[in-house]
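Residues in the sequence shown are numbered consecutively from 756, following our numbering. First up is the structure itself, then whatever we jot down about it.
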Amino acid sequence: MSFARVYVCYIQKAEKKGRTKTEVDEIIFWLTGYTKRSLQKQIDTGIDFETFFDEAPKINPNASKITGVICGVRVEDIENNIMKKVRYLDKLIDELAKGKAMEKILRK
């Protein structure tokens, strides 16, 4: 699946709940180490999720603090590395849409 297609859905989900694209981007930057410029490049090239995470500059070491259930599955129990990273991002976007404070979302 193309990251760019899902990225648009992340933004729509956040905006429906009164959050912003900037906040979605901040979450992605925190989790992956991408910058505004490098994220846009990945979106423009239409890469898939696996490539998106494989090429991520640095997965945040605090990502392992992301726990809970997403789509009926406990994030911390997912064994496939790429799927775990995808679900980390899903979980963070869900927390944003539910109104959680950014400092809590970013595990500060």
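Ideal Cβ positions, reconstructed from N, Cα and C, are used throughout, including at glycine.
A769 is classed as buried because its beta carbon has at least 16 other beta carbons within 10 Å across all chains shown. Comparing alpha-carbon positions, the option among A759, S819 and K791 lying closest to T800 turns out to be A759. Contact between I848 and Y789 is ruled out by a C-beta separation of about 15 Å, above the 8 Å threshold. In terms of Cβ geometry, I860 and I802 do not form a close pair [threshold 8 Å].
The continuous alpha helix (DSSP H) containing V761 extends over residues F758 to K771.
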